[in-house]
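Undergrad:
Protein chains: 2
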Amino acid sequence: MADDTKKSDSTVDFGILNTLIGYRLRRAQMNFFSKFSEVCSDLGISPGLFAIIAIVERNPGLTQTAVAQALGNDRSAMVAAVDKLEKMDILKRRPAKNDRRSYALFMTKYGETFFQTLSARVMEHEQSMATRLKGENELEWLLETLDTLSQR
Amino acid sequence: MADDTKKSDSTVDFGILNTLIGYRLRRAQMNFFSKFSEVCSDLGISPGLFAIIAIVERNPGLTQTAVAQALGNDRSAMVAAVDKLEKMDILKRRPAKNDRRSYALFMTKYGETFFQTLSARVMEHEQSMATRLKGENELEWLLETLDTLSQR
DNA sequence: TATTGTTATACTCTATAACTATA
DNA sequence: TATAGTTATAGAGTATAACAATA
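Here it is, written out as structure tokens:
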């Protein structure tokens with residue numbers, strides 16, 4: 001019997017994986033995720049937390065559930081996230097005026113400046129990745145295409 | 001004090017998120033992930049398991065660690081995955097001939113036909129998503145772009 | 001009855017460290 | 001010394017169910 005054990009991974013054939021949008025999406029997304037972590041983990045912010053902050057900053061007064069729905073998260077996952085962001089003095093809960101069941105979310109003053117710092121870092125990383133796109137309006141095309149592929 | 005609590009999510013402003021490749025990648029990837037689950041979960045196959053099968057099918061005899069490196073996984077994560085695939089009679093471990101520390105991975109006969117069924121389902125879903133791309137060679141463009149964005 | 005925030009729970013993924021047997 | 005497979009473990013992230021207060 002021949003020894004058909006292969007050791008090197010330099011010649012690995014990815015076969016069908018190479019033709020799958022889904023697989024390449026995953027690889028690209030994992031790369032972005034790990035770079036995001038390198039850039040922002042010292043500030044204690046994950047991609048998920050960043051998204052929450054970004055929504056609240058542009059939509060002050062949204063309720064926890066509304067933010068969760070916008071981001072496609074579950075309500076229950078918001079509790080720990082908002083707890084953490086409130087402890088970090090980035091945003092705060094306020095009782096909703098017209099519904100005593102719910103809290104409305106607002107940025108703190110510190111949170112506003114914190115978000116500026118955060119956004120600058122994220123945009124810097126984002127733009128360094130965008131330079132890999134050669135064409136003139138290739139970034140716009142990519143964003144549109146990804147949006148198309150995000151629809152159910 | 002005015003009531004600035006907002007309830008509707010139909011008018012949520014995504015702000016910077018809308019301009020971020022990373023965020024749109026995440027949304028698109030999650031959509032692919034959930035559709036993959038709908039299509040393949042009855043067969044007990046997750047995207048990660050599918051990737052392992054695809055690599056072994058095209059590269060019989062690769063060692064566990066080699067497959068892990070190709071996919072960007074950790075060695076330790078391979079154990080449970082290969083255990084499961086072996087129990088499902090999809091692939092099998094064989095002692096490597098030239099290194100008694102390692103196992104080489106091979107498809108079973110059943111695994112080969114199983115992979116054909118699996119691939120057909122995945123390709124069907126993949127092609128239904130690909131029809132959203134309008135341009136002639138837009139798919140090729142997207143795959144290349146995603147590959148570019150996957151490099152460190 | 002339905003919804004908001006919450007808690008508890010569980011399940012998957014992922015990352016790390018340490019162990020053994022081999023190299 | 002270094003490496004392959006393994007085990008244990010811990011940390012995220014995610015999903016479900018249930019509860020109290022309120023609608």
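In order, the protein sequence lines correspond to chains R and E. For the first sequence, counting from 1, position 71 maps to 71 in UniProt numbering; every step adds exactly one. For the second sequence, counting from 1, position 99 maps to 99 in UniProt numbering; every step adds exactly one. Quick reminder that beta carbons are idealized off the backbone N, C-alpha and C, glycines included.
Please check the pair Gly15/E and Ala54/R, which I expect to be a contact at CB under 8 Å, by giving their CB distance rounded to whole angstroms.
TA: That belief holds up - the Cβ atoms of Gly15/E and Ala54/R are roughly 5 Å apart, short of 8 Å.
Undergrad: Taking Cβ positions only, does Glu126/E come closer than 9 Å to chain R?
TA: By this cut-off, Glu126/E is an interface position.
Undergrad: With distances taken between CB atoms, is the gap from Ser102/E to Thr131/E smaller than 9 Å?
TA: No, the pair does not count as a contact, with Cβ atoms beyond the cut-off.
Undergrad: Mapping the DSSP letters down to three states, classify Thr148/E as helix, strand or coil.
TA: The answer is helix: DSSP assigns Thr148/E an H, G or I state.
Undergrad: Using a beta-carbon distance below 9 Å, is Thr19/R in contact with chain E?
TA: Yes, Thr19/R lies at the interface with chain E (some Cβ there is under 9 Å from its Cβ).
Undergrad: Measure the CB-CB distance between Leu143/E and Phe50/E and report whether it falls below 9 Å.
TA: Going by C-beta atoms, Leu143/E is not nearer than 9 Å to Phe50/E.
Undergrad: Assess contact between the region 11 to 31 of chain R and the region 24 to 37 of chain E, defined as three or more Cβ pairs (one per stretch) separated by less than 8 Å. Is contact present?
TA: The region 11 to 31 of chain R vs the region 24 to 37 of chain E: in contact.
Undergrad: Can you name the start and end residues of the beta strand (DSSP E) that Arg93/R belongs to?
TA: Where Arg93/R is concerned, the enclosing beta strand (DSSP E) stretches over Leu91 to Pro95.
Undergrad: Can you tell me whether Thr108/R is helix, strand or coil according to DSSP?
TA: Reduced to three states, the DSSP call for Thr108/R is coil.
Undergrad: If you drop the 5 nearest sequence neighbours on each side, which residues of the same chain put their C-beta closer than 6 Å to that of Phe36/R?
TA: Only Pro47 meet the Cβ criterion.
Undergrad: Is the Cβ-Cβ distance between Leu71/E and Ala104/E less than 9 Å?
TA: No, Cβ-Cβ distance for Leu71/E and Ala104/E is not below 9 Å.
Undergrad: What separation, rounded to the nearest whole angstrom, lies between the Cα atoms of Val39/E and Arg152/R?
TA: In a straight line, the C-alpha of Val39/E is about 14 Å away from that of Arg152/R.
Undergrad: Under 8 Å Cβ to Cβ from Leu146/E, same chain only, skipping five residues before and after it: list those, please.
TA: Same-chain partners within the cutoff: there are none.
Undergrad: Taking 9 Å as the CB-CB cut-off, is Arg75/E touching chain R?
TA: No, Arg75/E does not count as interfacial toward chain R.
Undergrad: Could you tell me the distance, in whole angstroms, from the CA atom of Phe115/E to the CA atom of Leu149/E?
TA: Their Cα atoms are separated by approximately 29 Å.
Undergrad: Between which residues of its own chain and His125/R is the CB-CB distance below 8 Å, once the five residues before and five after are set aside?
TA: Closer than 8 Å at Cβ, skipping near neighbours: Lys35, Phe36 and Val39.
Undergrad: Express the C-alpha separation of Met123/E and Lys84/E in angstroms, rounding to a whole number.
TA: Using only the alpha carbons, I get a separation of about 23 Å.
Undergrad: Whole angstroms is fine: what's the gap from Val67/E's alpha carbon to Met30/E's?
TA: Their Cα atoms are separated by approximately 24 Å.
Undergrad: I want to see whether chain R comes within less than 9 Å of Thr145/E, judged by CB atoms only; does it?
TA: True, the Cβ-Cβ gap to chain R drops below 9 Å.
Undergrad: Tell me the rounded alpha-carbon separation between Asn59/E and Asp42/E.
TA: About 26 Å.
Undergrad: For Met129/E, which residues of its own chain have a beta-carbon under 6 Å away from its beta-carbon, when the five flanking residues on both sides are left out?
TA: Correct list: empty, nothing qualifies.
Undergrad: Can you look up residue 172/R in the DSSP assignment and give me helix, strand or coil?
TA: Outside the shown range of chain R (1 to 152) lies residue 172/R, about which nothing can therefore be said.
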